[in-house]
Amino acid sequence: MAIEEILRAFKDGQLDLDEAKSQLSSNYFEEIEGTTIDHSRQVRTGQAEVIFAQSKTTAQVLSAFTRIADNGNNVLATRVRRESAEALQDEFPDSTYSETANLASLVLNEPERLSTPIGVITAGTSDLGVAEEAALTAEFYGSPVVRINDVGVAGIHRLFARLDEIKTCRTLVVVAGMEGALPSVVGGLVAKPVIAVPTSVGYGASFHGLAALLGMLNSCASGVSVVNIDNGFGAGFQAHRINQL
Numbered sequence: 002m003a004i005e006e007i008l009r010a011f012k013d014g015q016l017d018l019d020e021a022k023s024q025l026s027s028n029y030f031e032e033i034e035g036t037t038i039d040h041s042r043q044v045r046t047g048q049a050e051v052i053f054a055q056s057k058t059t060a061q062v063l064s065a066f067t068r069i070a071d072n073g074n075n076v077l078a079t080r081v082r083r084e085s086a087e088a089l090q091d092e093f094p095d096s097t098y099s100e101t102a103n104l105a106s107l108v109l110n111e112p113e114r115l116s117t118p119i120g121v122i123t124a125g126t127s128d129l130g131v132a133e134e135a136a137l138t139a140e141f142y143g144s145p146v147v148r149i150n151d152v153g154v155a156g157i158h159r160l161f162a163r164l165d166e167i168k169t170c171r172t173l174v175v176v177a178g179m180e181g182a183l184p185s186v187v188g189g190l191v192a193k194p195v196i197a198v199p200t201s202v203g204y205g206a207s208f209h210g211l212a213a214l215l216g217m218l219n220s221c222a223s224g225v226s227v228v229n230i231d232n233g234f235g236a237g238f239q240a241h242r243i244n245q246l
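If you count by the numbering used here, then the sequence shown holds residues 2 to 246, one letter each, in order.
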């Protein structure tokens, strides 16, 4: 129930003081299954709370997903295991799940669809899971996405062949593992904000993405910012925020 409805019901005598206080409190946050759900985030920031499902039980994911939906908000959950995804789809037949990105979503209210696209670029196919998390996040919030895959520096001509397409995008998410060089190359070729995403893809000395992270943080290209290792969601969210401006 919206705050205005609660206050109106209290004024009309349909709710007593204690019940009204309880419902107002749960409109801001609610504790359920060991999770405190931030219901007011949609009002404060424009986007509802996102469920980080990694290490959560299926029951915890399902209860959080349910309460966010019950509050009338679109729901996005990242790092969702197949077991949890199946439970969500049983409960919410209209929800979608990407096994590539391990991302589940439910759209109750169609977001404003922006006209300018975001580019999501991968160095290699092994980076695709993180890239899809970024792409699907941006699409969930209303940004169209141009996907450009497997154009890493080992075959740089593949990137040059897509430059005209890349330049149509308002901002770029560039995803790479190994040495993490691709965002620097892209940043030196286009007049667009570049959000670099290091992935944990690589052999031993990549240190599970640390080598790529340090390479991106030390980029000599202007306009490159960096999110955490494998944080496709953070990159997609930030790219959409830029696209909204």
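From the three backbone atoms N, C-alpha and C, an ideal C-beta is built for every residue, glycine too.
Restricting attention to alpha helix (DSSP H) runs no shorter than 4 residues, the region 148 to 231 encloses them at 158 to 161, 164 to 167, 183 to 188 and 211 to 218, ordered along the chain.
Taking the C-beta atoms as reference points, Ala-135 is found nearer than 9 Å to Val-174. Our two residues, Leu-18 and Asn-72, have alpha carbons roughly 21 Å apart in a direct line. In the three-state reduction of the DSSP assignment, Leu-63 falls in the helix class.
Judged by DSSP secondary structure, Val-51 falls outside any alpha helix (DSSP H); it is assigned neither H nor E. The three-state reading of DSSP puts Ser-96 in coil, since its state is none of H, G, I, E or B.
Taking the Cβ atoms as the reference, Pro-199 lies roughly 18 Å from Thr-172, outside the contact range of under 8 Å.
Boundaries of the beta strand (DSSP E) around Gly-120: 119 to 123. Counted as a single uninterrupted DSSP element, the beta strand (DSSP E) harbouring Thr-79 occupies residues 76 to 79.
The three-state reading of DSSP puts Ser-127 in helix, counting H, G and I together. Ala-49 has its alpha-carbon roughly 33 Å from the corresponding atom of Ser-220. Boundaries for Ala-105: no alpha helix (DSSP H) harbours it, while the beta strand (DSSP E) harbouring it runs 104 to 107, taken from the DSSP string.
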